[in-house]
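Colleague: Protein sequence lines correspond, in order, to chains V and E. Using my numbering, the first residue of the first sequence is number 504, and each one after it goes up by one. Using my numbering, the first residue of the second sequence is number 68, and each one after it goes up by one. Questions regarding the structure given below will be posed in turn.
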Amino acid sequence: MKQRHLIHLHWRSGFGIKPSSLQSAKALNKKKNVNSIFESSKKIEPILIDLSEFDDFLKTPYQKYKKIHGADAATKLRQKSQKKVRELNFVWLKKISSSQCVLREKMTLFWANVFVCRDNHIFHMVQFNNCLRTHALGNFGNFVKAIARTPSMLKYLNNNRNIKSKPNENFARELLELFTLGLGNYSEQDVKEAARAFTGWSFKANGDFIIRTNKHDENLKTFLGVSGNLDGDDVIDILLKQRECAEFICKKIYTYFVNPVIDPSHLKELTALFYKDYNIEKLMRHVFSSDWFYDEKNIGVKIKSPVELMVGINKTVPSVFKKQSQVTYLQKMMGQILLYPVNVSGWKGDRYWIDSNSLMFRLKLPSVLLNNAKISLKPKGEFEDDFGNFYNQKNQNFTVSDKARAYFETHYSKTPFKRLKAILVLPKLDEDTKEMLKIYQNQNAFQYCIQLMSIPEYQLC
Amino acid sequence: MKRRDFLTKTSLASSLMLVPNFMKAFEGLDPAMLGYKKLVLIQLSGGNDGLNTIVPYRNDLYYKYRPGISISKYKVLDLNGELGMNENLAPLKSLFDKGYLSIINNVGYPNPNRSHFRSTDIWHTASSSSEYLDSGWMGRYIDQYGKKPHSGIEVDDSLSLIMKGQTMNGIATKDAKKMFNNAKTPFFNKVLENQTAAHLSEHNLGYLYKTMVSAQSSAKYIYETSKTSKSTKSYPKNPFAKQLKTTAEFINSGLETKVYYVSMGGFDTHASQSNRQSRLLKTYAEAIDVFVNDLEASNSFKDTLIVTFSEFGRRVQQNAAAGTDHGAASNLFIIGKQLKKPGFYNASPDLSNLDSNGDLKYSIDFRSVYATLLEHWLDANHSNILGQSFKTLNFI
Chain V
504 MKQRHLIHLH WRSGFGIKPS SLQSAKALNK KKNVNSIFES SKKIEPILID
554 LSEFDDFLKT PYQKYKKIHG ADAATKLRQK SQKKVRELNF VWLKKISSSQ
604 CVLREKMTLF WANVFVCRDN HIFHMVQFNN CLRTHALGNF GNFVKAIART
654 PSMLKYLNNN RNIKSKPNEN FARELLELFT LGLGNYSEQD VKEAARAFTG
704 WSFKANGDFI IRTNKHDENL KTFLGVSGNL DGDDVIDILL KQRECAEFIC
754 KKIYTYFVNP VIDPSHLKEL TALFYKDYNI EKLMRHVFSS DWFYDEKNIG
804 VKIKSPVELM VGINKTVPSV FKKQSQVTYL QKMMGQILLY PVNVSGWKGD
854 RYWIDSNSLM FRLKLPSVLL NNAKISLKPK GEFEDDFGNF YNQKNQNFTV
904 SDKARAYFET HYSKTPFKRL KAILVLPKLD EDTKEMLKIY QNQNAFQYCI
954 QLMSIPEYQL C
Chain E
68 MKRRDFLTKT SLASSLMLVP NFMKAFEGLD PAMLGYKKLV LIQLSGGNDG
118 LNTIVPYRND LYYKYRPGIS ISKYKVLDLN GELGMNENLA PLKSLFDKGY
168 LSIINNVGYP NPNRSHFRST DIWHTASSSS EYLDSGWMGR YIDQYGKKPH
218 SGIEVDDSLS LIMKGQTMNG IATKDAKKMF NNAKTPFFNK VLENQTAAHL
268 SEHNLGYLYK TMVSAQSSAK YIYETSKTSK STKSYPKNPF AKQLKTTAEF
318 INSGLETKVY YVSMGGFDTH ASQSNRQSRL LKTYAEAIDV FVNDLEASNS
368 FKDTLIVTFS EFGRRVQQNA AAGTDHGAAS NLFIIGKQLK KPGFYNASPD
418 LSNLDSNGDL KYSIDFRSVY ATLLEHWLDA NHSNILGQSF KTLNFI
């Protein structure tokens with residue numbers, strides 16, 4: 504397989520490729536390379552995080568806990584849980600960067616921005632995150648049904664407060680608008696009917712899903728033209744029957760994995776395939792195996808998300824995931840904090856990552872991480888902060904370790920500059936930038952690598 | 068070449084002399100064409116308690132709802148015989164007396180959201196509570212009227228949604244020199260010096276180069292224009308006052324920036340509210356006081372409008388922790404010299420007619436306030452920027 508195509512495949516299905524893996528992969532054909540990507544992601548390795556100190560959470564619902572132990576104890580437990588969610592952010596990022604199941608992690612990241620959710624309950628959030636991971640390459644229908652049953656989603660979109668006597672439309676509306684069909688493919692009446700079908704959905708203190716039958720509306724509903732005593736699963740099944748649902752998801756897949764500009768004929772092809780059985784793995788195999796996926800117009804045209812940028816640099820020179828506070832800082836400054844999406848519609852991605860400030864920061868990032876350059880910018884305070892803390896956010900010092908340099912030396916020092924460039928930078932280099940890079944031809948490989956990572960072309964994959 | 072050599076070799080090579088032609092397009096516009104009027108938008112972040120800011124001190128219901136945290140009628144600074152200012156806002160009282168302050172009561176929106184994040188989103192994007200927009204209203208103003216990053220400045224280190232447009236974004240800086248230095252790291256500079264317009268038409272890569280060029284150009288413009296303008300007024304020593312000082316220096320230096328956004332934190336007073344809010348209001352008012360004097364001394368106050376809002380007010384009923392929880396509608400301050408209706412713009416909040424959460428109902432949509440600012444202050448077509456047409460008010 505062509506080196507350039509191989510790098511493209513690995514950037515889109517993961518976070519780039521190491522030169523050491525490149526050599527052996529080049530000998531294999533496309534089919535075998537694609538197979539091996541799926542083979543490595545066969546296993547489902549959930550995030551494991553010690554939550555023994557939160558056992559109380561599982562036994563007693565929060566309100567009951569408050570009654571037994573008092574408001575102060577309840578507040579403390581809640582704050583401890585919030586803090587743990589920030590730790591989960593770090594654990595997740597490290598997993599993205601180090602897991603062997605690269606594609607599964609990339610898909611998990613993708614789905615987290617489709618089924619957008621936010622929760623300070625650490626148990627529920629771990630459960631939610633692992634639900635994304637479990638179904639990331641599975642059947643989309645089962646996926647939606649599983650997500651709808653997670654405590655985090657039930658809470659986030661108020662479905663646990665959706666009861667027969669007072670239906671709450673929040674979940675039903677976002678299910679239609681953001682998770683399956685998209686605006687314009689249903690009526691306001693459909694939202695109302697769908698909400699009624701989900702009445703009574705809730706969860707137990709231990710996180711298990713339950714339907715409170717006395718709160719569930721058993722009457723006739725008519726949703727997208729289908730009438731009956733429908734429940735939540737029926738609504739999801741009806742949604743899957745709509746071709747618009749398959750198309751809606753394929754659009755998201757295409758802009759995330761192929762090109763921010765959609766080619767209608769390719770979208771049609773994907774939709775037809777996905778509509779048959781909603782098998783996500785099959786869909787992704789098709790994407791990565793298609794000839795058009797390797798068209799020049801699809802290579803190096805996507806603006807990396809902050810996470811892709813950080814994980815990509817880390818893949819080349821392990822330097823990023825040393826301290827939790829540093830990783831939080833980087834996410835804040837570049838505008839993508841995992842587990843803390845901006846709103847229920849998620850991050851828009853691509854050009855939306857870029858403004859004057861974020862771009863200056865992103866271009867400087869390699870010299871900050873790898874060349875001990877100083878950065879004195881501070882992130883914004885939180886809404887909950889008091890005046891002092893609001894302004895007292897810390898900037899971070901990064902120092903490149905000898906280990907990182909040594910790693911680079913071992914893996915790249917013998918790589919010719921031309922190859923280094925081909926591996927790190929996918930878009931065709933700007934002529935002037937190319938000229939300018941010549942200045943650095945006499946530097947050592949490490950410096951040259953930092954310079955390559957500092958040009959705008961490196962922002963793309 | 069060693070990095071250090073490279074540094075010394077390039078740091079003196081002024082990018083000024085090597086400005087490519089396409090960069091010059093960003094400079095040298097006649098500021099008169101854009102008008103002189105400036106808008107400074109201040110967010111009291113966290114949700115300021117409007118009722119203890121402008122106190123309905125004649126209203127029994129107010130004291131009934133807030134037995135532990137209400138402000139005594141003997142302590143308020145009376146404004147109209149019905150409402151009084153929190154005593155910590157004393158400097159604002161003199162602005163009120165001079166006719167430089169308009170207070171608009173009950174500003175909010177239908178189906179209010181009580182999450183900081185979401186409600187801030189709504190205020191920043193000027194959306195309804197059921198739609199999600201990707202751009203801020205000031206950003207869209209820059210898109211259509213300013214056309215340069217420095218047309219809108221957020222006085223901070225990173226950019227908020229309010230300043231992000233659809234094709235163009237504002238720029239964030241609380242230290243022009245720092246930003247200028249960040250934007251001209253040797254490599255960054257070198258890329259730009261060597262850059263011709265060849266790439267600029269291309270899709271995402273072109274977009275990155277364009278953003279990089281305009282960022283550096285704006286960083287340089289802001290730094291070089293404002294570096295000689297140093298405020299002589301003595302501001303209180305706190306970070307909010309510092310932000311306003313920077314804003315005054317930017318305005319007084321004649322930057323062609325039209326809109327500024329400053330966020331002041333700390334207003335999420337769920338517990339022990341009284342002392343915390345007192346300190347915050349004092350900090351706010353004292354800084355505003357010097358800020359107005361500073362602008363006045365440079366003759367730029369008449370062309371500057373200062374608008375203060377919060378993402379929501381707070382629950383009328385106090386909570387068990389001597390604080391208040393997230394609420395809905397609240398008051399908004401307009402400070403300026405050219406006010407049409409100084410004093411109270413509209414009726415006091417109605418404490419006998421609360422919504423189902425026990426929050427104040429809105430009577431003025433915040434987008435009507437934006438529409439007015441756009442039409443009557445910034446000379447912009449509001450429906451193009453807000454996406455639909457709103458009733459304008461007559462406070463300016």
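We put the CB at the ideal spot given by N, CA and C, even for glycine.
Contact criterion: CB-CB distance below 8 Å. Does valine 830/V meet it with respect to chain E?
Modeller: Chain E contact via Cβ: absent.
Colleague: Taking a contact to mean a Cβ-Cβ separation below 8 Å, would you say serine 516/V touches isoleucine 540/V in this structure?
Modeller: Closer than 8 Å, so yes.
Colleague: For histidine 769/V, which residues from the same chain have a beta carbon less than 8 Å from its beta carbon, with the 5 sequence-adjacent residues on both sides left out?
Modeller: Answer for histidine 769/V: Tyr757, Val761, Ser793 and Trp795, listed in chain order.
Colleague: Reducing DSSP to helix, strand and coil, say where alanine 700/V ends up.
Modeller: DSSP places alanine 700/V in helix when its eight states are reduced to three.
Colleague: Given that a residue counts as buried once 16 or more other Cβ atoms are within 10 Å of its Cβ, and exposed if not, what is methionine 799/V?
Modeller: The residue you asked about is not methionine; residue 799/V is glutamate in the sequence shown. Answer is exposed; the Cβ neighbour count stays below 16.
Colleague: From the DSSP output, read off the bridge partner residues of isoleucine 109/E.
Modeller: Val329/E and Thr375/E.
Colleague: Please determine, among Tyr141/E, Glu316/E, Lys349/E and Phe307/E, the residue with the shortest C-alpha to C-alpha distance to threonine 292/E.
Modeller: When only C-alpha atoms are compared, the closest one is Glu316/E.
Colleague: Alpha helix (DSSP H) containing glutamate 784/V: first to last residue?
Modeller: That run of the alpha helix (DSSP H) goes 783-792.
Colleague: Give the secondary structure of methionine 628/V by DSSP, where H, G and I count as helix, E and B as strand, and everything else as coil.
Modeller: Three-state DSSP puts methionine 628/V in a helix.
Colleague: Using 8 Å as the threshold, is the C-beta distance between asparagine 875/V and isoleucine 953/V below it?
Modeller: Cβ atoms of asparagine 875/V and isoleucine 953/V: not closer than 8 Å.
Colleague: Anyone know if the C-beta pair for lysine 754/V and threonine 702/V falls short of 8 Å?
Modeller: Not closer than 8 Å, so no.
Colleague: Tell me whether asparagine 817/V is buried or exposed, calling it buried when 16 or more other Cβ atoms sit within 10 Å of its Cβ.
Modeller: The residue in question, asparagine 817/V, is buried, as its Cβ has 16 or more Cβ neighbours within 10 Å.
Colleague: Could you give the residue range of the beta strand (DSSP E) that holds isoleucine 741/V?
Modeller: No beta strand (DSSP E) holds isoleucine 741/V; the alpha helix (DSSP H) holding it covers 735-744.
Colleague: Compute the beta-carbon to beta-carbon distance between lysine 658/V and glutamate 672/V, rounded to the nearest angstrom, for a pair I have assumed lies under 8 Å.
Modeller: Contact doesn't hold; Cβ gap of about 16 Å is too wide.
Colleague: Would you identify the three-state DSSP class for glutamate 887/V, choosing helix, strand or coil?
Modeller: Coil.
Colleague: Quick check on DSSP: helix, strand or coil for isoleucine 550/V?
Modeller: Isoleucine 550/V falls in the coil class under three-state DSSP.
Colleague: Quick one: does asparagine 115/E have its CB under 8 Å from some CB of chain V?
Modeller: No, because no Cβ of chain V sits closer than 8 Å to the Cβ of asparagine 115/E.
Colleague: Could you check whether leucine 111/E and isoleucine 857/V sit closer than 8 Å to each other, using their CB atoms as the reference points?
Modeller: The answer is no: Cβ separation not under 8 Å.
Colleague: Could you tell me the distance, in whole angstroms, from the CA atom of alanine 438/E to the CA atom of tryptophan 204/E?
Modeller: Taking the straight line from one Cα to the other gives about 10 Å.
Colleague: Applying the criterion that 16 or more other CB atoms from any shown protein chain within 10 Å of the CB defines a buried residue, is serine 81/E buried or exposed?
Modeller: In this prediction, serine 81/E has a pLDDT of 32, which is less than 50 and means its spatial position is unreliable; nothing more can be read from the coordinates.
Colleague: Since asparagine 817/V is in the alpha helix (DSSP H), which residue starts that stretch and which ends it?
Modeller: That run of the alpha helix (DSSP H) goes 809-819.
Colleague: Alpha carbon to alpha carbon, what distance is there between lysine 924/V and isoleucine 942/V?
Modeller: Near 14 Å, if we compare the C-alpha coordinates of lysine 924/V and isoleucine 942/V.
Colleague: Among Tyr141/E, Tyr103/E, Asn126/E and Asn153/E, whose alpha-carbon lies nearest the alpha-carbon of asparagine 344/E?
Modeller: Per the sequence shown, residue 344/E should be read as glutamine rather than asparagine. Here the closest residue by C-alpha is Asn153/E.
Colleague: Identify, in the order they occur along the chain, each residue of the same chain with its Cβ nearer than 7 Å to the Cβ of proline 882/V, setting aside the five sequence neighbours on each side.
Modeller: Hits under 7 Å: Tyr832, Lys835, Met836 and Gln896.
Colleague: Can you list, in chain order, the residues of the stretch 831-863 of chain V whose Cβ is nearer than 8 Å to any Cβ on chain E?
Modeller: So the list reads Lys835, Met836, Gly838, Val845, Asn846, Val847, Ser848, Lys851, Asp853, Arg854, Tyr855, Ile857, Asp858, Ser859, Asn860, Ser861, Leu862 and Met863, given in the order they occur along the chain.
Colleague: Between which residues of its own chain and valine 222/E is the CB-CB distance below 6 Å, once the five residues before and five after are set aside?
Modeller: Hits under 6 Å: Lys241, Gln310, Thr313, Thr314 and Val329.
Colleague: Which residue wins for smallest C-alpha separation from glutamate 590/V, given the options Gln603/V, Asp553/V and Ala615/V?
Modeller: Cα-wise, what sits closest to glutamate 590/V is Asp553/V.
Colleague: Buried or exposed for leucine 83/E, please, with buried defined as at least 16 other CB atoms from any protein chain shown within 10 angstroms of its CB.
Modeller: Per-residue confidence for leucine 83/E stands at a pLDDT of 34, beneath the threshold of 50, marking its modelled position as unreliable; no derived number is given.
Colleague: Within the same chain, show all residues whose beta-carbon is closer than 7 Å to that of lysine 598/V, passing over the 5 residues directly before and after it, in chain order.
Modeller: Correct list, in chain order: Ile550 and Glu608.
Colleague: How would you call serine 904/V, buried or exposed, if buried means at least 16 neighbouring beta carbons within 10 angstroms?
Modeller: Under this definition serine 904/V is an exposed residue.
Colleague: Could you pull out every residue in the same chain whose Cβ sits closer than 7 Å to the Cβ of asparagine 892/V, ignoring the five residues on either side in sequence?
Modeller: If we look at asparagine 892/V and ignore the five residues flanking it on each side, its Cβ neighbours are Gly884.
Colleague: Exposed or buried, threonine 716/V, counting other C-beta atoms within 10 Å across all chains shown (16 or more means buried)?
Modeller: By the 10 Å Cβ count, threonine 716/V comes out exposed.
Colleague: Which residues in chain E sit within 8 Å of aspartate 693/V, going by Cβ to Cβ distance?
Modeller: None at all; the shortest Cβ gap to chain E is about 16 Å.
Colleague: For arginine 746/V, is the classification buried or exposed, using 16 other Cβ atoms within 10 angstroms of its Cβ as the cut-off for buried?
Modeller: Exposed.
Colleague: Of all the residues that make up the stretch 340-351 of chain E, which are near chain V by a beta-carbon distance shorter than 8 Å?
Modeller: Per Cβ criterion, the list reads Arg343, Arg346, Leu347 and Thr350.
Colleague: State the CB to CB distance for the pair leucine 418/E and tyrosine 141/E, rounded to an integer number of angstroms; the pair is presumed to be in contact (CB under 8 Å).
Modeller: Actually they are not in contact, since the Cβ atoms of leucine 418/E and tyrosine 141/E sit about 20 Å apart, beyond 8 Å.
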